[in-house]
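Residue numbers (my numbering), protein chains in the order written: chain A, 1 to 324; chain Z, 325 to 648.
Ideal Cβ positions, reconstructed from N, Cα and C, are used throughout, including at glycine.
In this text the structure is predicted, and so the values were computed from the model without any measurement.
Protein chains: 2
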Amino acid sequence: MNTFENLQLGFNKELNAYHVGSHPKNLYGPVHYTLSMGGKRLRPVLLLMAAEAFGGNTEHAMPAALAIEIFHNSTLVHDDIMDKADLRRNQPTVHREWNTNIAILSGDLMILKSYEALNKLDTPHLSSVLSVFNRITAQVCEGQQLDLDFENNNEVNISDYMDMIRLKTSVLLAGALEIGAIIGGASKEDAKKIYCFGEHLGLAFQLQDDFLDAFGNKNTFGKKIGGDIVANKKTYLLLKALELTQGPYRDQLTSLMNNKSIDENEKIAQVLQIYKGLKIKELAEDAMLKHYDKAFASLKDVQLDEIRKHALYQVSEKLIHRES
Amino acid sequence: MNTFENLQLGFNKELNAYHVGSHPKNLYGPVHYTLSMGGKRLRPVLLLMAAEAFGGNTEHAMPAALAIEIFHNSTLVHDDIMDKADLRRNQPTVHREWNTNIAILSGDLMILKSYEALNKLDTPHLSSVLSVFNRITAQVCEGQQLDLDFENNNEVNISDYMDMIRLKTSVLLAGALEIGAIIGGASKEDAKKIYCFGEHLGLAFQLQDDFLDAFGNKNTFGKKIGGDIVANKKTYLLLKALELTQGPYRDQLTSLMNNKSIDENEKIAQVLQIYKGLKIKELAEDAMLKHYDKAFASLKDVQLDEIRKHALYQVSEKLIHRES
Numbered sequence: 001m002n003t004f005e006n007l008q009l010g011f012n013k014e015l016n017a018y019h020v021g022s023h024p025k026n027l028y029g030p031v032h033y034t035l036s037m038g039g040k041r042l043r044p045v046l047l048l049m050a051a052e053a054f055g056g057n058t059e060h061a062m063p064a065a066l067a068i069e070i071f072h073n074s075t076l077v078h079d080d081i082m083d084k085a086d087l088r089r090n091q092p093t094v095h096r097e098w099n100t101n102i103a104i105l106s107g108d109l110m111i112l113k114s115y116e117a118l119n120k121l122d123t124p125h126l127s128s129v130l131s132v133f134n135r136i137t138a139q140v141c142e143g144q145q146l147d148l149d150f151e152n153n154n155e156v157n158i159s160d161y162m163d164m165i166r167l168k169t170s171v172l173l174a175g176a177l178e179i180g181a182i183i184g185g186a187s188k189e190d191a192k193k194i195y196c197f198g199e200h201l202g203l204a205f206q207l208q209d210d211f212l213d214a215f216g217n218k219n220t221f222g223k224k225i226g227g228d229i230v231a232n233k234k235t236y237l238l239l240k241a242l243e244l245t246q247g248p249y250r251d252q253l254t255s256l257m258n259n260k261s262i263d264e265n266e267k268i269a270q271v272l273q274i275y276k277g278l279k280i281k282e283l284a285e286d287a288m289l290k291h292y293d294k295a296f297a298s299l300k301d302v303q304l305d306e307i308r309k310h311a312l313y314q315v316s317e318k319l320i321h322r323e324s
Numbered sequence: 325m326n327t328f329e330n331l332q333l334g335f336n337k338e339l340n341a342y343h344v345g346s347h348p349k350n351l352y353g354p355v356h357y358t359l360s361m362g363g364k365r366l367r368p369v370l371l372l373m374a375a376e377a378f379g380g381n382t383e384h385a386m387p388a389a390l391a392i393e394i395f396h397n398s399t400l401v402h403d404d405i406m407d408k409a410d411l412r413r414n415q416p417t418v419h420r421e422w423n424t425n426i427a428i429l430s431g432d433l434m435i436l437k438s439y440e441a442l443n444k445l446d447t448p449h450l451s452s453v454l455s456v457f458n459r460i461t462a463q464v465c466e467g468q469q470l471d472l473d474f475e476n477n478n479e480v481n482i483s484d485y486m487d488m489i490r491l492k493t494s495v496l497l498a499g500a501l502e503i504g505a506i507i508g509g510a511s512k513e514d515a516k517k518i519y520c521f522g523e524h525l526g527l528a529f530q531l532q533d534d535f536l537d538a539f540g541n542k543n544t545f546g547k548k549i550g551g552d553i554v555a556n557k558k559t560y561l562l563l564k565a566l567e568l569t570q571g572p573y574r575d576q577l578t579s580l581m582n583n584k585s586i587d588e589n590e591k592i593a594q595v596l597q598i599y600k601g602l603k604i605k606e607l608a609e610d611a612m613l614k615h616y617d618k619a620f621a622s623l624k625d626v627q628l629d630e631i632r633k634h635a636l637y638q639v640s641e642k643l644i645h646r647e648s
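Here it is in structure tokens:
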């Protein structure tokens, strides 16, 4: 059984060697640029891990791992247009380096190229794999739309938020594991359980993102602490604080959100003070750990020798203790 | 064997009843809006026709017909963003009726939904069909990119142009026919010949688009004559005129193109006068008929009773004589 690092290395080697095309260069250039930006490769590695856990081999599952990573990257290119983001991994985003039309079109091409990779699978389960892939990729779009809708909606609550991050983040992670399990030959029940593991892992992962933005260690986080607070982003933390506050406390929070002239650091400090009073840190940690626990319980329930699940436990532990 | 009209009617019924999803409504609303705008449904009808010609039944091929039409519509939504088009079929485009972010995301979803439809095919040829679908849809993106590139390139010649319209327009039409043939059980050779038929039909179709814009009958064309001329669009007509003119004639043409203050109707009249002197009308007709002839020759070459090809001949004749 391979470790996370082994699989990551093997995957990156395959991705670098994978031929997506080259002409016209204004279309394929951005695809190569995006795919070579790096990243944790969490989704494809989880897919390969699941395939291996059920007795499949990683070479066999590689086309699906490539597909899931290429699709994931297509969403980054299009999300960056929608978010007007200038940088990704400290490099200019595609719509900045080229232009918006090229970013739209090369993102489209990456969606198509993910299916091209998928069709290289040598498996009797092609239609089942496609079925999962089609479902989860459509859900990612649904999650992104909900996220866009939330920007102009002041009635969003924690339950709406959890539903949004489930679609936007968790299902692709969970579906990657399910596809790996199918290719590895898992039973339907086990494929569902491993999906469930991934779903809760994804929710915990996203909650941790929110958590680190406010309570991370500035030396290890890699970004400025409080970015979400400055942007009034409707994170778990803010929504929980709004849920818990009534009367003057709530007025204090919303007036900080509406104050456009306040110094950024002052705003961060004051919001963190409110979070402290409401014990938001502890509540967010509880929510996170609840989902990690559910993830572990689902994984435990999978009908496999515990030794075969070792790498999956290991990656979950790694995610719990991450600081960036 | 069904006629074009029968298949169009049957296809529209299936498309109207097809469930793509509904929530969130800002995502699925634009999908329903786009798919119900209408249109000739040329690609899915050709697909069904090819399936029937080779002995398949239309019900069996329907998921692929839906896939090709849904994909085609995704490109319209994204192209309209790139072209800054306000109207399509006299209705506001998606990015005008909603906004650009929603148009990007709903276009993405339509690509994914085209694969979802495709995966409903009950065929041992799923992987072959996917392979054609993946190839032609990527080529459509390549064609669109070349079209974008051409806007800022004054060195484009007729050969570049034919390559661009082949990718942007012909391959989807040709691939629709190839997929229909595969589902119907055609041999590899016949599937290639029917592809070749579609490729030349598509080229002739696009050349006719260019032709009608300049030389169509204003009473039957449905749009203002000369739109391409006003926009300096690099059509077959303009590129042929530029190819044929040297010295003062060329200067006259390029100065008309660069003249931003000239009255539109005056510009159209003067460019048409140049086209007349260069016999562009006759040359474009020749080019168009050359591709129609090649299309017919490929179709004739398909190893089927001529009676089974009747509907395909009929649709080609219809396209030759169209006036809008």
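Nearest-angstrom Cα distance between His396 (chain Z) and Gln468 (chain Z)? The residue given as residue 396 (chain Z) occupies position 72 in the second sequence. The residue given as residue 468 (chain Z) occupies position 144 in the second sequence. When rounded, the distance between both Cα atoms is 12 angstroms.
Could you work out which residues of chain A lie near Pro348 (chain Z), taking near to mean beta carbons separated by less than 8 angstroms? Start at 1 with the first residue of the second sequence, and residue 348 (chain Z) comes out as number 24. Those are Glu142, Gln145, Leu146 and Asp149, listed as they occur along chain A.
Is Gln246 (chain A) helix, strand or coil when you go by DSSP? Reading the first sequence from its first residue, position 246 is the one you call residue 246 (chain A). In the structure shown, Gln246 (chain A) sits in coil (DSSP, three-state: anything other than H, G, I, E or B).
Within the 7 angstroms Cβ cut-off, does Ser494 (chain Z) reach chain A? Sequence index remark: in the second sequence, residue 494 (chain Z) carries index 170 (1-based). So no, Ser494 (chain Z) is outside the interface.
Which value, in whole angstroms, describes the spacing of the CA atoms of Tyr616 (chain Z) and Ser640 (chain Z)? Looking up residue 616 (chain Z) in the second sequence gives position 292. Looking up residue 640 (chain Z) in the second sequence gives position 316. Their Cα atoms are separated by approximately 8 angstroms.
I want to verify the contact list: residues of chain Z whose CB lies under 8 angstroms from the CB of Asn119 (chain A), in sequence order. Position 119 of the first sequence, counting from 1, holds the residue named residue 119 (chain A). The answer, in chain order, is Ser451, Leu454, Ser455 and Asn458.
According to the Cβ coordinates, are Asp432 (chain Z) and Arg420 (chain Z) closer than 7 angstroms? Position 108 of the second sequence holds residue 432 (chain Z). Position 96 of the second sequence holds residue 420 (chain Z). No, these two residues do not count as a Cβ contact at 7 angstroms.
Residue(s) in a DSSP beta bridge with Gln91 (chain A): On the first sequence, position 91 is the one that residue 91 (chain A) refers to. DSSP, once it has assigned bridges, lists A:Arg88 as partnering Gln91 (chain A).
From Z:Leu371, Z:Ala391 and Z:Leu351, pick the residue whose C-alpha is nearest to that of Thr382 (chain Z); which is it? Within the second sequence, residue 382 (chain Z) is the residue found at index 58, counting from 1. It is Z:Leu371.
To the nearest angstrom, how far is the alpha carbon of Ser298 (chain A) from that of Lys309 (chain A)? On the first sequence, position 298 is the one that residue 298 (chain A) refers to. On the first sequence, position 309 is the one that residue 309 (chain A) refers to. Cα-Cα distance, rounded: 12 angstroms.
Closest by CA to Glu588 (chain Z), which one among Z:Ile549, Z:Tyr573, Z:Glu393 and Z:Gln576? If you number the second sequence from 1, residue 588 (chain Z) lands on position 264. For the residues Z:Ile549, Z:Tyr573, Z:Glu393 and Z:Gln576, the minimum Cα distance to Glu588 (chain Z) belongs to Z:Ile549.
Is it buried or exposed for Ser579 (chain Z), if we count other Cβ within 10 angstroms and need 16 for buried? Here residue 579 (chain Z) refers to the residue found at position 255 of the second sequence. Exposed, because fewer than 16 other Cβ atoms sit within 10 Å of the Cβ of Ser579 (chain Z).
Boundaries (first-last residue) of the alpha helix (DSSP H) holding Val639 (chain Z): Walking along the second sequence from the start, residue 639 (chain Z) turns up at place 315. Taken as a continuous stretch (DSSP letters only), the alpha helix (DSSP H) holding Val639 (chain Z) covers His634 to Ile644.
If you reduce the DSSP assignment to three classes, tell me which class Pro348 (chain Z) lands in. Position 24 of the second sequence, counted from the start, is the residue given in the question as residue 348 (chain Z). Coil, per DSSP.
Chain Z contact for His78 (chain A) (CB, 7 angstroms cutoff): For the purposes of this step, residue 78 (chain A) is taken as residue 78 along the first sequence, with counting starting at 1. True, the Cβ-Cβ gap to chain Z drops below 7 angstroms.
Whole-angstrom distance between Arg43 (chain A) and Asp471 (chain Z), CA atom to CA atom: Translated into the one-based positions of the second sequence, residue 471 (chain Z) becomes position 147. Translated into the one-based positions of the first sequence, residue 43 (chain A) becomes position 43. About 35 angstroms.
Determine the contact status of Ala498 (chain Z) and Gly522 (chain Z), defining contact as a CB-CB distance below 7 angstroms. On the second sequence, position 174 is the one that residue 498 (chain Z) refers to. On the second sequence, position 198 is the one that residue 522 (chain Z) refers to. Taking 7 angstroms as the Cβ cut-off, Ala498 (chain Z) and Gly522 (chain Z) qualify as a contacting pair.
Just checking, does the segment 170-185 of chain A make contact with the segment 50-70 of chain A on the three C-beta pairs under 8 angstroms criterion? yes
Is there contact between the segment 160-171 of chain A and the segment 128-143 of chain A, where contact requires at least three CB pairs shorter than 8 angstroms? yes
Taking CB distances under 7 angstroms as the criterion, tell me whether Ile428 (chain Z) reaches chain A. Residue 428 (chain Z) sits at position 104 when you count from the first residue of the second sequence. Cβ-Cβ to chain A under 7 angstroms: yes for Ile428 (chain Z).
Which runs of the alpha helix (DSSP H) fall wholly inside the segment 182-236 of chain A and span at least 4 residues, in chain order? List check, alpha helix (DSSP H) in window: 188-215, 218-221 and 227-230.
Cross-chain neighbours of Thr137 (chain A) in chain Z, by beta carbon under 7 angstroms: What you label residue 137 (chain A) is simply residue 137 of the first sequence in a count that begins at 1. Leu436, listed in chain order.
For Asp210 (chain A), which residues of its own chain have a beta-carbon under 8 angstroms away from its beta-carbon, when the five flanking residues on both sides are left out? Reading the first sequence from its first residue, position 210 is the one you call residue 210 (chain A). Exclusion of the five residues before and after Asp210 (chain A) leaves Asp228, Thr235, Tyr236, Leu237 and Ala284 as the residues of its chain whose Cβ lies within less than 8 angstroms of its Cβ.
CB-CB under 6 angstroms to Leu207 (chain A), same chain, minus the five flanking residues each way: which ones, in chain order? Residue numbering aside, residue 207 (chain A) sits at position 207 when the first sequence is read from its first letter. These residues qualify, in order along the chain: Tyr236, Ala287 and Met288.
Where Met49 (chain A) and Leu35 (chain A) are concerned, what is the direct C-alpha to C-alpha distance, given to the nearest angstrom? Against the first sequence, residue 49 (chain A) aligns to sequence position 49. Against the first sequence, residue 35 (chain A) aligns to sequence position 35. Straight-line spacing of the CA atoms in Met49 (chain A) and Leu35 (chain A) works out to 21 angstroms.
Given this structure, state the Cα-to-Cα distance separating Gly379 (chain Z) from Lys444 (chain Z), to the nearest angstrom. In the second sequence, counting from the first residue as 1, residue 379 (chain Z) sits at position 55. In the second sequence, counting from the first residue as 1, residue 444 (chain Z) sits at position 120. Going from the Cα of Gly379 (chain Z) to the Cα of Lys444 (chain Z) covers about 20 angstroms.
Would you list, in chain order, the members of the segment 348-382 of chain Z that have their beta-carbon closer than 8 angstroms to a beta-carbon of chain A? Pro348, Asn350 and Leu351
Proximal residues to Phe221 (chain A) (C-beta, below 7 angstroms), its chain only, five neighbours per side dropped: Position 221 of the first sequence holds residue 221 (chain A). So the list reads Leu212, Glu323 and Ser324, once near-sequence residues are dropped.
Rank A:Asn101, A:Val45 and A:Asp149 by C-alpha distance to the C-alpha of Glu5 (chain A) and give the top, closest one. In the first sequence, the residue the question calls residue 5 (chain A) occupies position 5. The residue with the shortest Cα to Cα distance from Glu5 (chain A) is A:Val45.
DSSP on His291 (chain A), reduced to helix/strand/coil? On the first sequence, residue 291 (chain A) is found 291 positions in, with the first residue counted as 1. Of the three classes helix, strand and coil, the one that applies to His291 (chain A) here is helix, per DSSP.
Between the alpha carbons of Ser438 (chain Z) and Leu339 (chain Z), how many angstroms are there, rounded? As a first step, residue 438 (chain Z) must be located in the second sequence, where it is residue number 114. As a first step, residue 339 (chain Z) must be located in the second sequence, where it is residue number 15. Taking the straight line joining both Cα atoms gives about 12 angstroms.
Looking at Gly540 (chain Z): is its Cβ nearer than 7 angstroms to the Cβ of Ala375 (chain Z)? The sequence position of residue 540 (chain Z) within the second sequence is 216, counting from 1. The sequence position of residue 375 (chain Z) within the second sequence is 51, counting from 1. In this structure, Ala375 (chain Z) does not lie closer than 7 angstroms to Gly540 (chain Z) by Cβ.
Hey, Leu390 (chain Z) and Tyr485 (chain Z): beta-carbon distance below 7 angstroms or not? In the second sequence, the residue the question calls residue 390 (chain Z) occupies position 66. In the second sequence, the residue the question calls residue 485 (chain Z) occupies position 161. No, the pair does not count as a contact, with Cβ atoms beyond the cut-off.
Taking C-beta pairs closer than 7 angstroms, name the residues in chain Z that Met82 (chain A) reaches, listed in chain order. Looking up residue 82 (chain A) in the first sequence gives position 82. Under the 7 angstroms cutoff, chain Z gives Asn425 and Ile428.
Under 7 angstroms between C-beta atoms of Ile428 (chain Z) and His78 (chain A): Position 104 of the second sequence holds residue 428 (chain Z). Position 78 of the first sequence holds residue 78 (chain A). Contact: yes.
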